[in-house]
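Taken in order, the sequence shown gives residues -18 to 161; the numbers are from this note's numbering. Have a look at the structure below before the remarks.
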Amino acid sequence: MDARQPQMRREHGWCLVANRWCERFSVRTYFRIVSRLGDGAAWYTLMAAIILVEGWSGLAASVHLAATGSVALFLYRRLKGWTRRARPCNADERIRAWVAPLDEYSFPSGHTLHAVAFSLVAIAHYPLLAWLLVPFTLSIAASRVVLGVHYPSDVLAATAIGTALAGLSLWLVPGTSLLP
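Right, here's the structure in full:
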């Protein structure tokens, strides 16, 4: 981190403060569980449940989710390889990684990118899922900073990328939209 960059210093400070929240067992446990579910388990379960409950229309929605997720995976891996931004826990020994990162680099947050893209596409198909998916997605995004594996800007960029990806995905699939 370049000490001459006030924005980076501020963001690093936020990481230090947020990371200390995990010293509380209940906070650490909650965010570890949310992060683990965000590894993919929640999204695979959601796709399977949609198919079981909705049948063929659920299969179409799940294929849409899987296709969007595949593009999200490609995008975030390419961006991480290109930017090669060190994780906060690797840039400062005072910041502890409360979970093992899935890869080496920080930017953007793959968990957040996937959560945002999946949630927006799922809500476009099934608006009633918003009450569950919005808080879950926000928790995943927060978990990345609190657990010491991402900077806030990693999460914000992933949110923007995930939103754009979901928007494009919904535009490409006739009959789906977040707008009434």
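Backbone N, C-alpha and C fix where the C-beta goes; we use that ideal spot for every residue, glycine too. Here the structure is a predicted model, which is why all the values come from computation and not from measurement.
Residues bridged to Tyr86 [DSSP beta-bridge criterion]: Taking the sequence shown and counting its residues from 1, one reaches residue 86 at position 105. The partner list for Tyr86 (beta bridge, DSSP) reads Ala67.
Out of curiosity, what's the CA-to-CA distance linking Arg9 and Leu40? In the sequence shown, residue 9 corresponds to position 28, counting from 1. In the sequence shown, residue 40 corresponds to position 59, counting from 1. When rounded, the distance between both Cα atoms is 35 Å.
Assigned exposure category for Leu56 - 16 Cβ within 10 Å defines buried: Numbered from its first residue, the sequence shown carries residue 56 at position 75. Leu56 is buried by the Cβ-count criterion.
DSSP state of Gly20, grouped into three classes? Position 39 of the sequence shown holds residue 20. In the sequence under discussion, the amino acid at residue 20 is Asp, which differs from the Gly named in the question. Here Asp20 sits in helix by DSSP.
May I ask you to report which of helix, strand or coil DSSP gives Pro155? The sequence position of residue 155 within the sequence shown is 174, counting from 1. Of the three classes helix, strand and coil, the one that applies to Pro155 here is coil, per DSSP.
Less than 8 Å between the C-beta atoms of Ser100 and Leu114, yes or no? Position 119 of the sequence shown, counted from the first residue, corresponds to residue 100. Position 133 of the sequence shown, counted from the first residue, corresponds to residue 114. Going by C-beta atoms, Ser100 is nearer than 8 Å to Leu114.
Neighbourhood of Pro155 by C-beta, 6 Å cutoff - its chain only, sequence neighbours within 5 removed: Residue 155 sits at position 174 when you count from the first residue of the sequence shown. Cβ within range, chain order: n/a, list empty.
Are Leu109 and Ser16 touching if we call contact CB-CB under 8 Å? Taking the first residue of the sequence shown as position 1, residue 109 is located at position 128. Taking the first residue of the sequence shown as position 1, residue 16 is located at position 35. No, Cβ-Cβ distance for Leu109 and Ser16 is not below 8 Å.
Check whether Thr93 and Ala139 have beta carbons under 8 Å apart: The residue you call residue 93 lines up with position 112 of the sequence shown. The residue you call residue 139 lines up with position 158 of the sequence shown. Yes, the pair counts as a contact, with Cβ atoms nearer than the cut-off.
How big is the Cα-Cα spacing for Arg(-15) and Phe88? Stepping through the sequence shown from its first residue, residue -15 is reached at position 4. Stepping through the sequence shown from its first residue, residue 88 is reached at position 107. Because the pLDDT of Arg(-15) is 48, which lies under 50, any placement of that residue in the model is unreliable, and the number read from its coordinates should be weighed accordingly. Looking at the two C-alpha atoms, the distance is approximately 21 Å.
Which residues in the same chain as Thr49 place their Cβ atom closer than 6 Å to its Cβ, once the five residues preceding and following it in sequence are excluded? One-based indexing of the sequence shown puts residue 49 at position 68. Only Ala98, Val102, Ser150 meet the Cβ criterion.
Would you please state the rounded distance, in angstroms, between the beta carbons of Arg77 and His131? I believe it to be under 8 Å. The residue given as residue 77 occupies position 96 in the sequence shown. The residue given as residue 131 occupies position 150 in the sequence shown. So it is not a contact: roughly 13 Å between Cβ atoms.
Out of Tyr107, Thr118, Ala81, Gly91, which one is the CA nearest neighbour of Ala30? Here residue 30 is taken as the residue at index 49 of the sequence shown, counted from 1. Comparing Cα positions, the closest option is Tyr107.
Who are the Cβ neighbours of Asp20 in its own chain at under 8 Å, not counting the five residues just before and after it? Sequence index remark: in the sequence shown, residue 20 carries index 39 (1-based). Answer for Asp20: Leu83, His92, listed in chain order.
Sort Ser90, Glu35, Cys70 by Cα distance to Gly62 and report the nearest one. On the sequence shown, position 81 is the one that residue 62 refers to. Ranking Ser90, Glu35, Cys70 by Cα distance to Gly62 puts Ser90 first.
Look at Val52 and Leu146 and say whether their C-beta atoms are less than 8 Å apart. Working through the sequence shown from its first residue, we reach residue 52 at position 71. Working through the sequence shown from its first residue, we reach residue 146 at position 165. Result yes, Cβ atoms of Val52 and Leu146 sit closer than 8 Å.
Give every residue of the same chain whose Cβ lies closer than 6 Å to the Cβ of Ala122, excluding the five residues on either side of it in the sequence, and list them in chain order. Within the sequence shown, the letter at position 141 stands for residue 122. Result list for Ala122: Thr93, Val136, in chain order.
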